[in-house]
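Numbering (my numbering), first residue to last: 4 to 385.
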């Protein structure tokens with residue numbers, strides 16, 4: 004009987020492998036032809052768009068932006084540009100907002116955006132920014148840069164159009180050969196049942212034992228548990244060190260990023276090229292600000308150059324990295340609680356030979372992560 008089970012298992016694997024091969028040939032995976040940003044989830048698409056716009060503010064290369072956004076439709080591009088123009092305008096970064104407006108004008112001229120597409124995107128943003136007068140004003144400036152005027156947004160006609168029920172497309176007719184695919188699916192189900200039966204027989208015959216459940220980690224601190232935990236280790240044989248991760252709500256909404264890297268805020272290297280300073284940083288999307296805590300060796304901690312840099316930057320804080328040192332990096336909606344697990348310094352306490360840091364990331368209770376609403380002017384209604 005045992006040999007019969009093995010033969011059945013072997014035949015099941017052969018049949019299953021053949022069916023899987025047929026399915027893959029009929030439905031090639033996405034990576035076979037290359038994946039695109041448009042195929043990301045909605046949250047990561049928004050994150051990609053934001054990073055593309057931020058990159059433009061640094062290098063001002065319109066061709067690069069066009070290449071990176073070529074798979075997105077016009078409404079999505081206009082909506083992303085308008086949102087970040089309004090956000091930067093509301094936060095006082097007028098130069099950045101104007102640069103985004105200029106980018107939108109260049110893309111409009113190069114790609115031939117229509118007034119209808121621009122009006123649709125602006126109307127959607129107007130709904131989002133109704134309760135925020137500053138962002139709404141920034142959106143108005145953005146729309147003006149694209150020559151959006153009341154006559155180009157037929158508000159009188161569109162409500163009637165909106166009331167028309169959307170008709171569902173007619174059901175697709177079954178293609179010839181559909182029964183063959185049905186037979187294939189039934190055969191796959193039969194193979195799965197057969198494999199399950201074989202597995203059950205082997206389990207009973209060999210007397211498989213259930214492994215004990217892995218103990219679940221329990222949060223022992225005060226308040227809600229962290230949304231992310233991370234531990235990073237740097238050793239002196241590493242030429243570079245730059246690690247980061249995103250922070251999201253339970254629903255998958257992007258809130259910010261947290262990371263640790265060789266410092267770019269202050270002189271990070273000694274005269275011998277050894278590392279004496281690390282940045283533990285937090286980007287909080289709700290206030291569009293990056294907060295940084297420096298982890299320093301004893302020598303760097305007393306360096307006058309570093310002291311001046313820290314004093315000149317209100318978003319910068321410095322701590323002496325010793326085993327057991329605890330620190331906090333805090334934004335409007337995110338709080339990072341860090342602890343130095345290990346700190347081995349070399350030379351005359353000048354550089355790090357080894358540094359181990361643990362981070363617990365929390366989303367603050369009661370943090371406002373939503374966008375309000377207010378009335379839309381007629382010229383922006385769709």
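The C-beta atom is built at its ideal place from N, Cα and C for all residues, glycine as well.
Because the structure is a prediction, the values reported are computed rather than measured.
Identify, in the order they occur along the chain, each residue of the same chain with its Cβ nearer than 7 Å to the Cβ of residue 40, setting aside the five sequence neighbours on each side. 48, 51 and 74
Find the nearest neighbour of residue 349 within the set 342, 275 and 287, judged by alpha-carbon distance. 275
9 Å Cβ cutoff met for residue 335 and residue 282: no
Work out the CA separation of residue 264 and residue 66 for me, nearest whole Å. 30 Å
Indicate the three-state DSSP secondary structure (helix, strand or coil) for residue 233 in the structure shown. strand
I'd like to know if the region 308-325 and the region 235-244 are in contact, where contact means that at least 3 CB-CB pairs between them fall below 8 Å. no
Just verifying my parser: in three-state terms, what is the DSSP assignment at residue 55? helix
DSSP three-state assignment for residue 369, whether helix, strand or coil: coil
Taking the continuous alpha helix (DSSP H) assigned at residue 143, which residues delimit it? 136-148
Which residue's Cα is closest to the Cα of residue 372: 258, 84 and 21? 258
What do you get for residue 347, buried or exposed, if any count of 16 or more other CB atoms within 10 angstroms of its CB means buried? exposed
Rounded distance between the beta-carbons of residue 83 and residue 121, thought under 8 Å: Wrong, their Cβ atoms sit about 13 Å apart, outside the cutoff.
How about residue 284 and residue 300: do their beta carbons lie closer than 9 Å? no
Chain-order list of residues whose beta-carbon lies under 6 Å from that of residue 98 (same chain, five-residue window excluded): none
Whose C-beta lies closer than 8 Å to the C-beta of residue 271 among residues of the same chain, with five residues either side of it excluded? 265, 278, 279, 280 and 281
If you draw a straight line from the alpha carbon of residue 304 to that of residue 352, how long is it in whole angstroms? 10 Å
Check for me: the beta strand (DSSP E) holding residue 345 runs from which residue to which? 337-349
Work out the CA separation of residue 311 and residue 104 for me, nearest whole Å. 36 Å
Identify the continuous beta strand (DSSP E) that holds residue 319 and give its terminal residues. 319-323
Residues near residue 86 by beta carbon distance below 7 Å, same chain, minus five either side: 128
Residues near residue 229 by beta carbon distance below 6 Å, same chain, minus five either side: 363, 364 and 365
Alpha carbon to alpha carbon, how far is residue 251 from residue 190? Give it in angstroms, no decimals. 42 Å
Output the distance between the C-alpha atoms of residue 288 and residue 249, rounded to the nearest integer angstrom. 11 Å
Under the rule that 16 or more other beta-carbon atoms within 10 Å means buried, what is residue 131, buried or exposed? buried
Do residue 286 and residue 313 have their beta-carbon atoms positioned less than 9 Å apart in this structure? no
Should residue 125 be labelled buried (16 or more other beta-carbon atoms within 10 Å of its own) or exposed? buried
DSSP beta-bridge partners of residue 358: 237 and 346
Under 9 Å between C-beta atoms of residue 69 and residue 110: yes
Run the CB neighbour count on residue 195, radius 10 Å, all protein chains shown included, and call it buried at 16 or more, exposed below. exposed
Which residue marks the beginning of the alpha helix (DSSP H) containing residue 91, and which one marks its end? 77-93
Could you tell me how far apart the beta carbons of residue 235 and residue 360 are, in whole angstroms, since I believe they sit closer than 8 Å? 5 Å
If you run the structure through DSSP and keep just helix, strand and coil, what is residue 65? helix
In this structure, what does DSSP give as the bridge partners for residue 187? Bridge partners of residue 187: none, in fact.
Given this structure, state the Cα-to-Cα distance separating residue 135 from residue 95, to the nearest angstrom. 14 Å
Alpha carbon to alpha carbon, how far is residue 268 from residue 323? 16 Å
Where residue 355 and residue 238 are concerned, what is the direct C-alpha to C-alpha distance, given to the nearest angstrom? 8 Å
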